[in-house]
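K.L.:
Numbering (the numbering used here), first residue to last: 45 to 343.
1. Output yes or no for whether 8 Å exceeds the beta carbon distance between residue 161 and residue 278.
2. Any idea what DSSP makes of residue 104, helix, strand or coil?
3. I need the straight-line Cα distance from residue 182 to residue 106, nearest angstrom please.
4. Any idea what DSSP makes of residue 96, helix, strand or coil?
5. In the DSSP output, what is residue 146 paired with across the bridge?
6. Distance check for residue 70 and residue 185, CA to CA, integer angstroms please.
7. Quick one: grab the DSSP three-state call for residue 314.
8. Could you tell me which whole alpha helix (DSSP H) segments of length 4 or greater appear in the region 206-289?
9. Between the region 50-64 and the region 93-113, can you find at least three pairs of beta-carbon atoms closer than 8 Å?
10. Going straight from the alpha carbon of residue 207 to that of residue 170, what length do you get?
11. Report the residue from 226, 104, 67 whose alpha carbon sits nearest the alpha carbon of residue 94.
12. Can you tell me whether DSSP reads residue 355 as helix, strand or coil?
13. The alpha helix (DSSP H) that contains residue 201, what's its start and end?
14. With respect to 7 Å, is the separation between the Cβ of residue 257 and the closest non-hydrogen atom of the ligand FMN below this value?
15. Apply the 10 Å Cβ neighbour rule to residue 179 and answer buried if 16 or more other Cβ atoms are within range, or exposed otherwise.
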């Protein structure tokens, strides 16, 4: 972990969630910023793992900002391999994994597509073994009426987050303030545990494709490939029947983009199915590091 300047006295807090869920904003508040200089678009601002170091009270923390799955730049395989590689290195080196935060926009009015795929991969990475040290952090409360947000929170807790909560996961609200970020960071968990993906890769010697996270990612990619191949076939048929040159050109442009996505996902599946622990650590080591932000002591 030398490239991230993490020491064995640092408490590591992994921050995960979809692109645009507020990960960088949360970390900015937790490390003494005000969140105003952080991007809020749905284009990923975090391409690689970035470590932000600070102190809360007298305790040093290392916040690990991770790219969201379904990133606008990187493949889900690369992101999964990088996060798994970080967790493996932290475990092997005896570093203190203190908490794993999963951020979710309460302003989202449905749980499907990208948010659902992110949640599935996150839960499979952690497993029940790590859930007592997991906190689901809801964000963007300022964008909804309180009663609307509370109804969504209750629904999510009783459905999509139910099994995670039953396994010991906590659920907290982030109100875009330093006090809120620090309170969540300091929330009590159990003694730090190994994550499921680390247990599977290191202790059980499984290849990534055979881990719970690898199985989920393979299933997700297979489903997306089927959808895109069906869409590709439909566009080809429409293009063949189209006589208007402008409309035909538009269809062919869409078809070209879908075929490119199919090739990329097919390659992603092949890489996942070939990956062993060594290849995961190579992906991790090739990430653009060191990426470490400065520290500031908080009250």
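Virtual Cβ for every residue (Gly too), placed ideally from N, Cα, C.
P.N.:
Once the coordinates are examined:
1. No, the Cβ-Cβ distance between residue 161 and residue 278 is not below 8 Å.
2. Residue 104 falls in the strand class under three-state DSSP.
3. Residue 182 and residue 106: Cα-Cα distance of roughly 21 Å.
4. Strand, per DSSP.
5. For residue 146, which the question treats as bridged, DSSP gives the partners 60, 180.
6. The straight-line gap from Cα to Cα measures roughly 13 Å.
7. In the three-state reduction of the DSSP assignment, residue 314 falls in the helix class.
8. Listed in chain order, they are 206-210, 222-229, 256-285.
9. Output reads yes: the region 50-64 touches the region 93-113.
10. Whole-angstrom Cα-Cα distance: 13 Å.
11. The option with the nearest alpha carbon to residue 94 is 67.
12. Beyond the ends of the chain as shown, which are 45 and 343, falls residue 355; an answer cannot be given.
13. First-last of the alpha helix (DSSP H) with residue 201: 190-202.
14. As for the ligand FMN, it is missing from this structure, which has no ligand bound.
15. Label assigned to residue 179: buried.
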